[in-house]
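Notes for the one structure printed next.
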Amino acid sequence: MPPCKRGLLFVLSAPSGAGKDALLKLLLSSCRGIKRCVTVTTRPPRQGEVDGVDYHFVSPEEFQRMVAAGELLEWAEVYGNLYGTPKRWVENALASGTDVILKIDVQGGLSVKRLLPEAILIFLAPPSHREQERRLRQRESENDRELQVRLAAADFEMSQMPEYDYVVVNDDLSEAAGKVACIVTAERCRVRSQRE
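Encoded structure:
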């Protein structure tokens with residue numbers, strides 16, 4: 081039996097309100113052979129979020145312990161909360177041949193690319209600033225001040241698009257998810273042909 085091929089690492093990043101969560105849910109239901117890494121955060125759960133499914137919700141003290149122990153592939157403070165990617169889970173999944181997708185912010189995505197240059201970075205962009213603001217208001221999880229902070233941060237995040245391998249505009253969720261699935265398929269074919 082031939083040795084197991086290493087999995088591919090995909091990173092999906094976007095400014096708040098671009099539709100990362102909805103797109104990822106659709107992608108994972110339609111794209112076989114790829115698993116999402118559940119990241120760690122210190123922020124409180126939003127309505128309907130489940131610990132261990134949406135995020136691993138931990139205390140700031142536990143998060144700092146994980147940082148000090150080198151348990152996170154990358155981590156960042158975003159909007160006053162800490163977020164990080166469990167290193168061991170990612171390493172084990174890739175080593176077993178599983179393709180992995182990380183849903184992380186732009187600064188985390190760029191950190192992953194510095195550490196693992198083979199990572200494939202996909203930037204999900206909202207169709208417009210107006211639509212992004214509409215989506216953020218619709219989810220009703222931030223007050224007006226927090227909303228303005230997120231919209232201001234989006235300007236910086238959008239400026240980082242050229243650092244990504246692919247850009248997908250999410251003006252139609254099904255179409256955008258289909259484009260990301262095509263990227264996954266193309267990268268699998270490209271890597272497969274290089275290995276054979």
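Following the working numbering, the numbering of the sequence shown begins with 81 at its first residue and continues without gaps.
Ideal placement from N, C-alpha and C gives every residue a C-beta, glycine not left out.
Computed from a predicted model, the values in this text were never measured in an experiment.
- In this chain, the beta strand (DSSP E) harbouring residue 116 covers 114-116.
- Setting aside the 5 residues that flank it on each side, residue 238 is surrounded in the same chain by 95 and 205, each with a C-beta closer than 8 Å to its C-beta; the list follows chain order.
- Each of 143, 170, 185 and 208 was checked against the Cα of residue 114, and the nearest Cα belongs to 170.
- Excluding its 5 nearest sequence neighbours in each direction, residue 248 has C-beta neighbours in its own chain below 8 Å: 202, 203, 204, 205, 256, 259, 260 and 263, listed in chain order.
- Assigned with DSSP and collapsed to three states, residue 151 falls in coil, not helix or strand.
- Residue state for residue 129 is assigned as coil, using DSSP reduced to three classes.
- Rounded to whole angstroms, residue 216 and residue 180 show a C-alpha spacing of 27 Å.
- Beta-bridge partners assigned by DSSP to residue 161: 158.
- Taking C-alpha positions only, residue 173 is separated from residue 116 by approximately 10 Å.
- DSSP places residue 205 in the strand class (E or B) of the three-state scheme.
- As the crow flies, the alpha-carbon of residue 150 is around 23 Å from that of residue 124.
- DSSP, reduced to helix, strand and coil, places residue 101 within a helical segment of the structure shown.
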